[in-house]
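Once you know that position 307 of the sequence shown is 314 in my numbering, the rest is easy, because the numbers rise by one and skip nothing. Here the structure is laid out as structure tokens; the discussion comes afterwards.
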Amino acid sequence: MSNLNGLVEVTKKISGFDFFTFFITLLAISLATLYLLPILLKLFYHYDDIYDLVNTYKASKFLIKLVNLNYKISYICNLLFVQTLKTIFFNYGDNKNSYSSNIRISAIIIYPIKSVGKGLKLQKWVIDKYGLKYDRQFSLAIKNSNTNYYEALTLKDNVKQSLVEYSLEIDENNLEFFVISYNSKFFFKIPAIMTNEFIKQNGGIEVDVDMWGVKSKALNLQFCLPENFKEIIGLPRDCTLLYSSIGHPVKTCSPKVKKENNKLDYRYSKFQDYYPLLLLSELDLKNLEQKLIENNFFDFKITDYSFRPNLIVDGIDLKPHEEDNWYKFQMINHKNLKEKHLFRTSTKCARCTVPNINFEKDNAKMDKKSPVSKTLSKYRRVDIGSKYNAFFGIYCVNYDDNFEINVGDYIEVLERKVNIFEDPS
8 MSNLNGLVEV TKKISGFDFF TFFITLLAIS LATLYLLPIL LKLFYHYDDI
58 YDLVNTYKAS KFLIKLVNLN YKISYICNLL FVQTLKTIFF NYGDNKNSYS
108 SNIRISAIII YPIKSVGKGL KLQKWVIDKY GLKYDRQFSL AIKNSNTNYY
158 EALTLKDNVK QSLVEYSLEI DENNLEFFVI SYNSKFFFKI PAIMTNEFIK
208 QNGGIEVDVD MWGVKSKALN LQFCLPENFK EIIGLPRDCT LLYSSIGHPV
258 KTCSPKVKKE NNKLDYRYSK FQDYYPLLLL SELDLKNLEQ KLIENNFFDF
308 KITDYSFRPN LIVDGIDLKP HEEDNWYKFQ MINHKNLKEK HLFRTSTKCA
358 RCTVPNINFE KDNAKMDKKS PVSKTLSKYR RVDIGSKYNA FFGIYCVNYD
408 DNFEINVGDY IEVLERKVNI FEDPS
């Protein structure tokens, strides 16, 4: 009987004033921690902006854990208190006609053949289970005679690949084709969706692929590349075109997502640099342009294609490289604000020498002065996971698939975290 009386008393306390006290106490502690922690960290580390300090290769893991704790508390406070109050008092969740985020998608770009051409800019496009539909589903490749694995032939190996042009063509049967040109001269076209007939006509033998240490299978379309195309852009005679039909699992720094059978599994990607999507901001590019001038590289021009992004975002209140510390965000259809799709960032993108190619010139060359690499090394060594690499942009993984995104769609950052680089190989 005493146990029953005790349970009644506990129930009364929880359902009465004590629950309200608990709620207010939790709110006070959370808000105090949220605002006091950055101040204490700044005082302790003698740094103007603690979030700038953690985005350097000098940051300690302990400091990063403290900042991530602050991010987590901010996320919980927003989830529990701010959004609840907005919904109760302002009907925030049902407002179809306005949205508070000023971050929007300003460019969508796909590269049908990995490391070839400037890419196709699109106003709207589908995100499928591999990322942007048709993105990097093909790759130029050469067989490594020592390992018997095929390896990608990239812009680092042959800068003339940057001058290849794409267009998307739809025939009378409503089938999509990529038309491949060079210097405005047509060379060949390939179907966007592979048919068994096309695969058989072009060899279609399954081969092993090694992409920066990540192993996968692909189909060798060995008869697809015209010899005169290889010759004019300087491809080796044994170069071939590979098609990735099933891709490979993305396990490093990646969430598990629901698949067709409703079970959790990893997202897959094709010939992307491991992750499905690469995102950066217009302000990142403008900031780099200014720093190139400051470093006396007046003649070098970067473009939207220099860093091979899939998504470029813009916003009034964005800071350069703010996406470094994004963790979870959602894309919101600007035509239907109830349509939202969740994404998670994975890791920052470590940069090779490709951005030193001048994509604006008809006779593309790798700039021997390495203007971009030298400039980035002065301010973008920002990750303790790889102290001597310069980073630009961040990789993302989509939780769901088979939906359309548009230029102008909103980005709402839900949660932030200091992402530490991990090599997927």
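Note that the Cβ used here is the ideal one computed from N, Cα and C, for glycine as well. Predicted, not measured: the structure shown is a model, and the values here were computed from it.
(request) Go to ASN413, then tell me how far its beta strand (DSSP E) extends in each direction, as first and last residue. (result) Under the DSSP assignment, ASN413 falls in the beta strand (DSSP E) whose first and last residues are 410–413.
(message) Please report the distance separating the alpha-carbon of MET218 from that of LEU162.
(response) CA-to-CA, the gap between MET218 and LEU162 works out to about 14 angstroms.
(message) Once DSSP output is grouped into helix, strand and coil, what is the label at PHE305?
(response) PHE305 falls in the coil class under three-state DSSP.
(request) Tell me whether SER191 is buried or exposed, calling it buried when 16 or more other Cβ atoms sit within 10 Å of its Cβ. (result) Per the 10 Å Cβ criterion, exposed.
(message) At the level of alpha carbons, what is the spacing between GLY415 and VAL320?
(response) Between the alpha carbons of GLY415 and VAL320 lies a distance of about 9 angstroms.
(message) Please report the straight-line C-alpha distance between PHE336 and TYR402, rounded to a whole angstrom.
(response) Within the model, the alpha-carbon separation for PHE336 versus TYR402 is close to 13 angstroms.
(message) For SER252, count the other beta carbons within 10 Å of its own beta carbon; 16 or more makes it buried, fewer makes it exposed. Which is it?
(response) Classification for SER252: exposed.
(message) Applying the 10 Å Cβ sphere with the 16-neighbour rule, what's the burial state of SER288?
(response) Label assigned to SER288: buried.
(message) If you follow the alpha helix (DSSP H) that CYS84 is in, where does it begin and where does it stop?
(response) Residue range 68–84 is occupied by the alpha helix (DSSP H) that includes CYS84.
(request) Would you kindly work out how many angstroms separate the C-alpha atoms of ILE323 and VAL425, rounded to a whole number? (result) The C-alpha of ILE323 lies about 23 angstroms from the C-alpha of VAL425.
(message) I'd like the ranges of any beta strand (DSSP E) spanning at least 3 consecutive residues and lying wholly in the segment 132–162.
(response) Positions of the beta strand (DSSP E) runs, each at least 3 residues long and wholly inside the segment 132–162, are given as 145–150, 157–159 in order along the chain.
(request) Could you check the C-alpha separation between PHE314 and LYS293 for me, to the nearest Å? (result) Roughly 13 angstroms between the two C-alpha positions.
(message) Assuming contact is defined by CB atoms lying nearer than 8 angstroms, are ASN396 and ALA357 in contact in what I supplied?
(response) In contact: ASN396 and ALA357 (Cβ atoms closer than 8 angstroms).
(message) With the cut-off set at 8 angstroms, would you say TYR82 and GLU330 are in Cβ contact?
(response) In this structure, TYR82 lies away from GLU330, with their beta-carbon atoms at least 8 angstroms apart.
(message) To the nearest angstrom, how far is the alpha carbon of ASP430 from that of PHE366?
(response) Answer to the nearest angstrom: the Cα atoms are 28 angstroms apart.
(message) So, for THR382: in the same chain, excluding its five sequence neighbours on each side, which residues have a beta-carbon less than 6 angstroms away from its beta-carbon?
(response) Taken in chain order, the residues that qualify are LYS298, LEU299, ASN302.
(message) Is it buried or exposed, LEU232, if we count other Cβ atoms within 10 angstroms and call 16 or more buried?
(response) Flag for LEU232 reads buried.
(message) Do TYR275 and GLY126 count as a contact pair if the criterion is CB distance below 8 angstroms?
(response) Using a Cβ distance threshold of 8 angstroms, GLY126 and TYR275 do not count as a contacting pair.
(message) Using only the alpha-carbon positions, how far apart do TYR78 and VAL389 sit?
(response) Straight-line Cα distance between these residues: approximately 18 angstroms.
(request) Alpha carbon to alpha carbon, how far is ASN340 from LEU87? Give it in angstroms, no decimals. (result) Rounded to whole angstroms, the separation of the alpha carbons of ASN340 and LEU87 is 25 angstroms.
(request) Put LYS167 into one of helix, strand or coil per three-state DSSP. (result) Of the three classes helix, strand and coil, the one that applies to LYS167 here is helix, per DSSP.
(message) Assuming ILE110 and LEU325 are in contact, meaning their beta carbons sit under 8 angstroms apart, how far apart are those beta carbons, in whole angstroms?
(response) For a cut-off of 8 angstroms, the C-beta gap from ILE110 to LEU325 is around 6 angstroms, short enough to register as a contact.
(message) Measuring straight from C-alpha to C-alpha, what distance separates ILE95 and LYS342?
(response) Because the pLDDT at ILE95 is just 49, under 50, the model does not fix this residue reliably, and the point stays unresolved.
(message) Short of 7 angstroms in beta carbon distance, which residues of its chain neighbour VAL420, apart from the five on each side in sequence? Order them along the chain.
(response) Cβ neighbours of VAL420 within its own chain (closer than 7 angstroms, five residues either side excluded): TRP333, PHE336.
(message) Distance check for TYR282 and PRO262, CA to CA, integer angstroms please.
(response) Their backbone Cα atoms lie some 12 angstroms apart in a straight line.
(message) Considering only DSSP beta bridges, list what THR352 is partnered with.
(response) DSSP, once it has assigned bridges, lists CYS403 as partnering THR352.
(message) Check this for me: beta carbons of ASP215 and TYR173, under 8 angstroms apart or not?
(response) Taking 8 angstroms as the Cβ cut-off, ASP215 and TYR173 do not qualify as a contacting pair.
(message) Tell me the DSSP secondary structure of VAL389 in three-state form.
(response) Secondary structure at VAL389: coil, using DSSP grouped into helix, strand and coil.
(request) Enumerate in chain order the residues of its own chain whose CB-to-CB distance from LYS65 is below 6 angstroms, with the five nearest sequence positions on each side excluded. (result) Within the same chain, LYS65 has no close Cβ partners at all.
(request) Return the CA-CA distance between LYS237 and LEU349, expressed in angstroms with no decimal places. (result) The straight-line gap from Cα to Cα measures roughly 41 angstroms.
(message) Residues in the same chain with beta-carbon distance under 8 angstroms from VAL166, minus the five sequence neighbours each way, listed in chain order, please.
(response) Same-chain partners within the cutoff: ILE364, ALA371, LYS372, MET373.
(request) Could you pull out every residue in the same chain whose Cβ sits closer than 6 angstroms to the Cβ of PHE195, ignoring the five residues on either side in sequence? (result) Around PHE195: ILE187, PRO233.
(message) DSSP has ALA357 in a bridge; who is on the other side?
(response) Residue pairing from DSSP places ALA357 in a beta bridge opposite PHE398.
(message) Using only the alpha-carbon positions, how far apart do VAL221 and SER169 sit?
(response) Going by the C-alpha atoms only, they are around 24 angstroms apart.
(message) Beta-carbon within less than 6 angstroms of ASN413's beta-carbon, same chain only, minus the 5 sequence neighbours each way: which residues are those?
(response) Around ASN413: LYS131.
(message) Less than 6 angstroms between C-beta atoms, sequence neighbours within five positions excluded: which residues of the same chain meet that for PRO198?
(response) Take PRO198, set aside five residues on each side of it, and the residues of its chain with a beta-carbon closer than 6 angstroms to its own are PHE184, PHE205, in chain order.
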